[in-house]
Structure formats: structure tokens, C-alpha cells
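Each remark here refers to the structure printed beneath this line.
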DNA sequence: GCCGTGACTACGC
DNA sequence: GGCGTAGCCACGG
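Residue numbers (our numbering): 13 to 113.
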């Protein structure tokens, strides 16, 4: 994979349990500020068997950027980690946002 | 190389 | 947090 993808992957992989981060932050912390859309694209094209905790990544509004079945699964995993997520997939960024370190 | 599209963000209301 | 709008970057057709 190219360097960008590698940086993003490792960054996402570092998100601690019980925390979440936004696409913009992931990109910024990985050294690519402004590449939030590419992060989203990367997540969208992840292989099915990936071990990456991409479900800990939400959008700038603190909501899971997904709907339907994938949203449910993503929400369940977060709830299991102690993150309060509403049925709509909303959560308190103020409380769960990862600071990148 | 232009154009539409997307699991986005920032800004204003 | 929600809606509309503009700007953003990369990919597929």
C-alpha cells in the first residue's frame, strides 16, 4: 500500500478502547491535514477481513457516517466498549473524542 | 482531462 | 445538532 494509506491505517489502529476520532482528526494526526475525504474513501474501500477498528471513526458532528446494517454493527461494537451511542448513531464528541495521543 | 460522486469539514443561520 | 452552501482531494467513467 502507499504511504498515505499506511499512515492512516496506523493512526486509526492507535485509537484507544472507549474512544473515537473524526475523519478530519485522523487525517491531521497522520500528517495529511485536509485529506478527510480520502480517509472516508479508504474506510469505504477497506477489505472485509480487516482488523482495523474503523468503527471508532465518526464524522465531524460526532455521528456514525453510515446507515442500515453497518451502522447497527458499528454502534454495537462502540456500546460494548463503553461508548454511549444513540440509536441514530450520535455520540458525545466532547466526551469520547480522542486527542490523537 | 473534464465531470460526477462520496462513510467529509468549515461556516453561517 | 440540523440544513444549505462552498471547498476540499482522489477515483472511476
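Backbone N, C-alpha and C fix where the C-beta goes; we use that ideal spot for every residue, glycine too. Computed from a predicted model, the values in this text were never measured in an experiment.
Legend entry - Expected contact under 8 Å - CB spacing of residue 20 and residue 110 to nearest Å: Residue numbering aside, residue 20 sits at position 8 when the first chain is read from its first letter. Residue numbering aside, residue 110 sits at position 98 when the first chain is read from its first letter. At roughly 14 Å, the Cβ-Cβ gap does not stay under 8 Å, so residue 20 and residue 110 are not in contact.
Inset, instruction - Using alpha carbons as the reference points, say which of 100, 22, 15 and 108 lies closest to residue 64. - result: The residue given as residue 64 occupies position 52 in the first chain. Looking at the Cα atoms, 22 is the closest of the given residues.
Legend entry - Residue(s) in a DSSP beta bridge with residue 106: Along the first chain, read from residue 1 onward, the residue named residue 106 stands at position 94. Residue 106 is not bridged to any residue.
Legend entry - Straight-line Cα distance separating residue 72 from residue 47: Here residue 47 is taken as the residue at index 35 of the first chain, counted from 1. Here residue 72 is taken as the residue at index 60 of the first chain, counted from 1. Approximately 13 Å between the Cα atoms of the pair.
Inset, instruction - Please report the Cβ distance between residue 102 and residue 74, rounded to the nearest whole angstrom; I am assuming they are in contact, meaning their Cβ atoms lie under 8 Å. - result: By 1-based counting over the first chain, the position of residue 102 is 90. By 1-based counting over the first chain, the position of residue 74 is 62. With 8 Å as the limit, residue 102 and residue 74 qualify as a contact, their Cβ atoms being about 6 Å apart.
Legend entry - Spatial neighbours of residue 89 in its chain, beta-carbon cut-off 7 Å, leaving aside the 5 residues before and after: The residue given as residue 89 occupies position 77 in the first chain. 67.
Legend entry - Bridge-paired residues (DSSP) for residue 34: Position 22 of the first chain holds residue 34. Partner(s): 70.
Inset, instruction - For residue 56, count neighbouring C-beta atoms within 10 Å of its own C-beta (all shown protein chains included) and say buried if the count is 16 or more, exposed if not. - result: Here residue 56 corresponds to residue number 44 of the first chain, with the count starting at 1. It counts as exposed.
Legend entry - Between the CA atoms of residue 77 and residue 92 - distance to the nearest angstrom: The residue labelled residue 92 in the question sits at position 80 within the first chain. The residue labelled residue 77 in the question sits at position 65 within the first chain. Approximately 19 Å, taken between the alpha carbons.
Inset, instruction - Taking only the alpha-carbon atoms, compute the straight-line gap between residue 97 and residue 87 and give it to the nearest angstrom. - result: Translated into the one-based positions of the first chain, residue 97 becomes position 85. Translated into the one-based positions of the first chain, residue 87 becomes position 75. About 6 Å.
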